[in-house]
Structures are given as C-alpha cells and as structure tokens.
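In the UniProt record's numbering, the protein residues as written are 1 to 1201. Single-structure report; data block below.
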C-alpha cells in the first residue's frame, strides 16, 4: 500500500504540524515547543480512521488483487501530513531518504567500535595502575624518566624550563579519565584517513599552584605528566605483550600542547586495532577550578618578558593564544557535560553533528590550526550554544525539536549571516546573546562568560572568512528547489587546490630561528611560528590584493608525530611550504591599476607609498582626479594577481623568500601562447568583432540591392571569443582565420519554390554585394560556390568572401525563411535514404546564429570563459577528439562550471575553468544524466529584491523550473526512443535547443558505435587528466606534457603528417621571415584559397567519408612541443572478423587463407557449408596503401598496430 511506504519514512525527529517553521524569522523559544513529544505517530494513527487489523486486511486484499488492477485508494490524511512534515523538516522526501542512507553509511562499524572500546578499557586499566611520584625538581624529574627508559624525552615546549626553576613536577593518579570528542558523543564517522579517539586525563589540582598559569609553568608540568605516563605505559605494554605503539603529537598543531598518540601494530589479537584505521590520543588537562579565568582573559598577559627598567609593564602584549590554550584545558570537563546535555535535550543533535563533520571534512576544515581551526568540536559547541540562545535579543536560534537537516542548515545560516569579528557571541550554560563590538577584532569571538574562553581562538582571519563563504555557498545549494544538490554538499571532496582555487602558489616556510622578525614579543603572541607567519602573510596579501580577491586561503601541513626519544618536533623544517589559494573577483582581478588615496590625503598617501614602495606613483586620471596608483604590466603567461603577490612578498618578506615562489598553476596558460605581442586575447577578439560590426553596418546601408539586408549574423568561433587561435590581423593560418556569417534579407514572397533556384538567386545577390564592396576603398570581395557545404545535397551554395582593411577575412552566406521548408521537402522525397538536410540547415544556419549570440554574451559575463574554453579545445585537439566532437558541443561543455558552478563559485581564471570542466567530464554519467544549461538567465546575484538574496555568488541555484522540467522530459523521451544511444549519446539541453542533441547528434550509419566510443574515451581521458593535474609530485613541465600529449597506443593505425603544423592551431602568423611582407592579404582568390587551405583537415575529411563503414578516424596535434598533426584510426570491430564472401561487402577484402595467422586478423572459422576458400577478411595492407596514395607527400609515416 502507498500508506505503508510513506510510513517507512516517518521521522523519528519530527514535531507536530502546529510547530512547523517556514523561516528563521518564525523561530520562537517557547518552553512548550521544547517539551513536546518527538513521536507523534500515536496521535496521527487515528487520522485515517483505521485500526492495524484493518490495514493488514487491506494489504492482503491488495496483494490478492494483483498488479494488473490499479490502486484507486487516495492518500490518507496521515500520508499527507507525513509528506508535509518531511518536506518541512528535510527539504523533501528524497532528501530525507538520502540523509538516512548517508548516516547509515558513514557510521563506524559496530565491530570496530567494540574493538576500540575494549582497547580503551585496557588503556584505562593501565593508566590507573601507573604509580604516583613525589614532588620532584627538574633534574630529579629528568633522572626519573631516564631511569625508566633512556629513550623517552620530556616534550617540553619552547622555551623549556631553566635548570634553576623553583617549582616541582609530580605525577598523581588522574582525577578522571574521560573519553571525549566524537567517540564519546557518538558522532564519529568513517573517514578515509582514519579516525581519532580522544582520551583525556584530569590532573589532580594538588599538582598545580595558583601561579602556574604564568611563564609556561603549567605546560611544563603537563609535559612531565605526559612523559612519565608514556614511560610507564610503554613499560606496561611491553611486559604484557600489548601491540601498542606510543608517539608524541601536537594537539591541533599547537606546539604548547603535546599529546600521547597510541596506535597498534598489525595483527588479529584482541588489542590489535590497526584494522580500524584509528589512533587514540591521550591528552592531559586540569580541573576547571585550578586557575582564576579572569587572569587568563583575552586582554591579559601571562608571559612576563623582561623589559628595560624604564619601560612600562603594561606594554606587554596580551597573550591570547597562550591564555586560550590553558583555558581550553580547564574547560574540557564542563564542555563535555554541556555537549552531552545538548545531545540529550535535542534528539537530532548527534545526526546533525555527523552531517557537519562530513561537510567540514569534504572542505578541508578541522580543529587543527593548519586546517582552519574549526572542526567537529567547534561546530558541536556552536550548535549547543544556539540551542540556548544566540540572537541579539538572547532568544534561541535553534529549537530542540528540529530535525538534523534543520539544525545543520540553521547553523550554517547563522555562520554566514553573523560576522563574529564585528560582533561576538557571549554564552553561558544557560543562555547566549549576540553583541556588537566597537571595533573589528580580526578573529571570530565566541566567548564563555564564565570561563573567559573564546572557543574559536584557534581560527585565523582567513579561515573564518572562508568558513563563512562555504556556509553561504551551502545555504544557497540547500535553497535550490530545482536541482538535487545532495552530492555537492556532502559527497564531493573539494580540497584539491588545482580545482578549488582560481590560482594558487607555494612559498617556502622560513626556519623560525632564521626569521629576525620573530622577536620575543612576537613569540609570546604567537607560540606557533606557522601561525605567526601565515597571519603576517595574510595581512600583506589581503591589503595588497583588496577587492581583486574574494577569499584567501593559507594552508600548511600538520606537524607530524615523532618518537618518544625526542623532546619536540621542529614545527618547520627545510622544504615545508605555505600553499596560498586565491578565489578571485572576475571583474576586478585583472585590472592594470591599483588605486590609492587622493593626493590631498597626506597620511593615507604616506601609508600607501610605504606599503607599495617605488611602485607607487602619483597619476592624473580621465575623470580629473589625482591619485596615488600602482600600474601593472599585462603578461599573457601570468595572472596580474600573481605578479602582485610576488612583488609584495619580495618587498615585505625579502627577495630570498620571494625566489621560492612556485606558480605552477599559471603554466597551463603557456599552452595558449600566441604571437600576439603584448595585446591581450580579449583585445584581439574585440578587434575582430569591431571589424565584423563595421562590415555589417556597411552592408546594411547598401541601397543597390532589390531587398534590404535586415541583419548579418556571425557564426564562427572567433566571433564568440572561443577560437583556439587568436584572431591576429592578416593571419590566414589559424583555425578560424576566415570567420563565417549569415546574411538575412527582408522577407519577400518572390523567392522561388525550388531550392536550386533559391540558391542561384542568393548567389546573384552576393555578386551584387561583391560589386558594391569592391567599389569601396575598405573592402575586397570575391564570390564563389561550394558543392560540399550541405552533405548529401546536390546543391551549390554561394558565398561571399570579404577581406577588410583591418586585416580580417569573412565568409558570408545567405539564409531565407523558405530554406528550411525546401530542405525538408528534399528529405521527404529521399525517404529513408535522406541526408537529414533540414537538420543540417538548422545546425549550419539557425542554431549557429543563436549559439554564437549566446556564447558571446556569456563570454562577456564571464571574463575567463574564453581562455577556459580555448584550453579545453586544446585538450580535445591534443587527444585527437576534435574531429569527433563539434566545437559548439565543447563550448557548451565548458559552460557547465560557469553556469552550474556548485559547489564552487564560477571560475575566475582560465586554468580553473579548464580543470573543473575536465573534473566534470571525468565524473559525468552521460548515459543517465543530461546537461541542462539556462544560458539566458541573468546571474543569480541579480534577482528580484523581494526574493531571498543569494549571498555566495554560486551560479545555477535559481534555474527556471519550467525549463528544467521541459528539458528533463525531452531527455527521458530521447532515451525511450533511442535506448542504445545510436543517435546522441550526449544530451546538452538549453532554451535554444530543447532536443539537447543539436551539436551531439550522430549522422553516420554506424553512429551508435562511434558516438559511444568517443564519449567513453572522452570520459576516460578526462579522468586520467584530472589525476595528473592533481598529482603534487609531478613538475609543471611534466604535467603539461602528460595532459596535452596524445596516447597513440590505443589506435589501430596512426598517420603522421607533415603539413598543417602548429601555426594552424595557435594562430601564429608565420607567412614569411619578414614582418613587412606578412602584413598583407593575397592578391587573388586563388592565392587566398591556397593560403587558407588546411590539407591535413581535408585529408581527414576525405578519409572519414571514404572509409566511414570501416574505420573511425580521429585528428589532433602531436603534443604541445611538436608541430605535426596526426590522424588516428580504429577499425570497426564488425569488419575485422572473417566472413563469407559476397558482392558489395563495403570494404577492401582478401581471402582469409592468404593472411591466416597474421597479426591483427582473427582466425577464420569454418564449419557447415562454409569453405575456408570463400572466407574473406579486411585487407588492411591494401587500405593502408590507398591511404598512402591519397595523402601523397602530406603523409610522413603510417604506423599499423
């Protein structure tokens, strides 16, 4: 029954219908809401008016009725109520099921949990048996450790205690041994890199004195406690033959807080837990009453550095990180109780924490300072706080009756909507309130009023901004009512820098002892040198880049674990680096000028010049203003932001450090290296556009024609900024040197009803246009006809070729409103042998016009789309796929990361647009998933004011639902009518192409084989390319070579050519060795035809037509460094097998007996009436000879596999 199926998704965490919440504005904190039952099924069961017995009877009757009888029973009130509640609490029923499935998948294995619990019990017993010590001096403490094991050192942090310290060290049995973290809360999930289980020991208060919070004394005593424990545990483990391995590691990469890491050797014993991929971290903390929290507040100093006698003691800076490290130890126990209380009060708390833990992991966040300082603990604490309050009025932001989805989403909305650097969240265990600050603190503040701890103290300014950015993106994805965004939110890992950032670079970390700027004052402010350096670098880059960037990420590696025989692990060693990732503002990042203050602002001007140095200069601008400014030089092989970063690092951090910068991501641009001088690609495309528009205006003003020209449309890639070669003036060797267009005359009823007559009349119009153009001083025109423009049509198509004084060439054809109807009639007459002339006409005239207009508009909206699509075309060309994939289809594929950018912002560099396109192709299930693009919709950031604003800039979350459903329905119908994908394996639907196959349709007889083969190869190559692009151990030069070098080993035959070299691919004007001779057009049409001829392309098309039933041909360029083009071929498998001879086989054959046993042929099978003498096989040698004769001197070598 339908009712039974709906009951299976009834929410355990659902609330009564009268408590439904539509928005955050509706949230209330009434006590009766918190106390309502979480299981309303008993009340709702009466809505249907049926008992359980009646339901069972109905179910039995339905089963007896059989599947042939339709189920006419309508949904009950309970069914409607459950569906409504599910949509409210989990966005939709499908989303609810996805979350349930996800949670069941990520939960740790019960077998592993039981094993880990057994290990924890054993460790508890071992720790409890460790003997206490008497109070010891430093020397006595070190001697005691050495007497137990000389291979164990005390992990004192820097500076280690002086030899004459007066305080004592001691070990006493812990007050409490608690399992903390996700394992304790039951919020742990399975992770590929393994899980961590936290075991915390509370040191007895008698060990510590009131002043131990000063000058590292607490941390020194803590280190001895840990070292003594490690020595005893290692001794006990050895005596009991336990498989435990003990090492040190910094807790959350904090050099003040070493912990004891316990792992296991491989084995199958009771205490072998290596198979769980887990490690146990034993940390040491103190009771919450040990120190007065007020003395460790964020504005207090707890490290007394010796000052000159005349200095004011108040000059000592606050030791925020030091104080917070101590307070975080004091609050372990109370916060553990706080989190357990929250999980008890809110049934969905644990599941929400699991969702958040997975979300954070997929985005690279954790509690470690090197990974942002925001992990599961910070999320759980924030959610528990918001269950108590959090608004400016102190009311609750989250309600205890929320589902896990609602808790997750509302917490994200709080993060992205509230800037905790301009305000702070003050909380206690009974309530919380958001309070505005008088000034920006630079770091987020969520402060405990009782213990004075900022629980976000480990976050940096950059990581908090990035967290808010990711929260905003996810909120927009969760608000998408059209597409399913579950995978983008929870299942997709987005930590690969080559895909995540628009550009990134690496800079070596200096050795702390060699950095003179790391003074004693800085050391007490930043105990971690990595945090000091990254904070300093962030301040420099954020000030220098300004609005050019949206986000800056500074990533370092966690300090690795180390053996017990070493005091500490050096936080930085030679070879360590900072990875700087930039998310760019596509409208600002490539500006050539950095504007400073007006000249009359003296103080600001002085600061600007001090920051920028000799680069700063005073300039007058077109609006009359006089400002300080910095001007940057454009470099086609390097982004301007990277040039800025290099200069800033050189100026503020030194030339030696600047010399370590590695801009590997930029080097992909060298694939598009052109002979365009200093001109940018955008300027060159605009120049050709301007020349075309000038020609259009001239033609539209011509009065000598019988019909007025309504419009002239561009249909070439160079007129939509996507040609592989740059449109250089007087260049006739690039891939689109002669751009095509379509002339549209005003309508007339006098056009003939015969297609031949229509085409001849068009040619007459073009001859008149040629005459007028040649009479002008700006143009040189010639008219011609083509017999092969429409495949399979015995019609000559006229064209007008125009050369402009600016150095550009255009080829124009004429379209009329009657053409489509006349070509359809030809198709009807031809019957089943039709060449699909109507479809060809639509593609070459109508679809090309709309496609060019759309792509050109989008290339203006997304400034880096042009370079991205040119890189993608280079990749398709390098892997011999350009002949099988239309360039229009490639352009639409490259639009995916721009128009449907989730979970990223649209790319703001050509390299990132390229890598994201390949990442999409590598995972695209084109058999079952269509590409649907809303190409005419404005940016998601320009929506109506009354609608909810998109805060992140992510594109594709507000698609037109009617269009989406229409295209989905078209895809389903296509797959129903063509289940074997014989016509169109790839579906790319837009508003202008509802069929989705305008640019991906197969027209050949064996298109079903060719289309699926090309699509599968595209996916496999993209998957391998992404692997190479994201390999860190590959050099930039090797990466480019592997990405853009074809794998010819997969082809049955390879034709190496001599002609149509790299100049045809790059657009380089290399007509002669003299520049003054290259800047002219050919003097005659014959010379022009010779200059624009592409012999390898002609050979490819000739071979494809001649052997269309025998070989699938592929065309491309042989690597980045080489010039020669190659043609690869794959035999159709059905022509390779031996078969019975008959007339009209369709391919060159030879008796099977003549080639028996030779390579490349399958042995002839005989039997029955088939004689071996009448069996034939494909005559490969003869075909190769035919190809060699056809290609002549153009072919250098043919290789047969």
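Glycine residues also receive a C-beta, built at the ideal position from the N, C-alpha and C atoms.
Give a yes or no on whether the C-beta atoms belonging to residue 185 and residue 339 are separated by under 8 Å.
For the 8 Å CB-CB criterion, residue 185 and residue 339 form a contact.
Measuring alpha carbon to alpha carbon, tell me which of 612, 916, 1174 ends up nearest residue 650.
612
Are there three or more Cβ pairs, one per stretch, closer than 8 Å when the segment 542-550 is compared with the segment 584-597?
yes
Three or more C-beta pairs under 8 Å: does that hold for the segment 565-583 against the segment 140-157?
yes
What ranges does the alpha helix (DSSP H) occupy inside the segment 817-859, keeping only unbroken runs of at least 4 residues that lie completely in it?
819-830, 837-841
Tell me whether residue 414 is buried or exposed, calling it buried when 16 or more other Cβ atoms sit within 10 Å of its Cβ.
buried
Along the beta strand (DSSP E) that carries residue 504, what are the first and last residues, could you check?
503-508
Let's test the definition: count the other Cβ atoms within 10 Å of the Cβ of residue 194 and tell me whether it reaches 16, buried, or not, exposed.
exposed
I need the boundaries of the alpha helix (DSSP H) containing residue 911, first residue and last residue.
910-923
What are the partner residues of residue 1207, as DSSP defines its beta bridges?
Only positions 1 to 1201 of the chain appear in the structure, and residue 1207 is not among them; the question remains open.
Just to check, is the beta-carbon of residue 809 closer than 7 Å to a non-hydrogen atom of the ligand SAM?
What this structure holds is no ligand at all, so the ligand SAM is not there to describe.
Assuming contact is defined by CB atoms lying nearer than 8 Å, are residue 1128 and residue 1054 in contact in what I supplied?
yes
Give me the Cα-Cα distance between residue 230 and residue 260, rounded to the nearest whole angstrom.
In this structure, the CA atom of residue 230 is about 7 Å from the CA atom of residue 260.
Is the CB-CB distance between residue 353 and residue 376 below 8 Å?
yes
Would residue 205 and residue 116 be called neighbours here (beta carbons separated by less than 8 Å)?
Remark: C-beta atoms of residue 205 and residue 116 do not approach each other more closely than 8 Å.
Can you tell me which of the three DSSP states residue 1181 falls into?
helix
Measuring only the C-alpha atoms, how far is residue 449 from residue 554?
31 Å
What is the rounded straight-line gap between the Cα of residue 1131 and the Cα of residue 843?
The C-alpha of residue 843 is placed about 29 Å away from the C-alpha of residue 1131.
Of the choices 363, 441, 266, whose alpha-carbon is the least far from that of residue 299?
441
Output the distance between the C-alpha atoms of residue 187 and residue 335, rounded to the nearest integer angstrom.
16 Å
Which one of 1002, 991, 992, 164 has the shortest CA to CA distance from residue 980?
1002
Suppose only complete runs of 4+ residues qualify. What are the alpha helix (DSSP H) ranges in the UniProt domain "Nrap protein" (499-653), listed by chain order?
520-525, 529-545, 602-612, 640-653
Which two residues bound the contiguous beta strand (DSSP E) that contains residue 811?
First-last of the beta strand (DSSP E) with residue 811: 809-815.
Can the beta-carbon of residue 525 be found less than 8 Å from the beta-carbon of residue 317?
yes
Give the DSSP bridge partners of residue 784, in chain order.
799
Rounded to a whole number of angstroms, what is the C-alpha to C-alpha distance between residue 72 and residue 973?
Because the pLDDT at residue 72 is just 40, under 50, the model does not fix this residue reliably, and the value given afterwards should be weighed accordingly. Put simply, the backbone Cα of residue 72 is about 27 Å away from that of residue 973.
Looking at residue 868: is its Cβ nearer than 8 Å to the Cβ of residue 807?
no
Buried or exposed for residue 166, going by 16 or more other Cβ atoms inside 10 Å?
exposed
Keeping to the same chain, check which residues put their C-beta closer than 8 Å to that of residue 297; ignore five residues upstream and five downstream.
323, 452
Any contact of the segment 555-563 with the segment 595-604, i.e. 3+ C-beta pairs under 8 Å?
no
Could you pull out every residue in the same chain whose Cβ sits closer than 7 Å to the Cβ of residue 652, ignoring the five residues on either side in sequence?
540, listed in sequence order.
Who are the Cβ neighbours of residue 858 in its own chain at under 8 Å, not counting the five residues just before and after it?
865, 895, 898, 899, 935
Taking 8 Å as the cut-off, decide whether the C-beta atoms of residue 1045 and residue 1152 are in contact.
In this structure, residue 1152 does not lie closer than 8 Å to residue 1045 by Cβ.
Taking the alpha-carbon of residue 1018 as reference, which of 728, 882, 1093, 470 has the nearest alpha-carbon?
882
DSSP on residue 243, reduced to helix/strand/coil?
coil
Considering residue 1115, what are the terminal residues of the alpha helix (DSSP H) in which it resides?
Residue 1115 -> not in any alpha helix (DSSP H); beta strand (DSSP E) instead, spanning 1111-1117.
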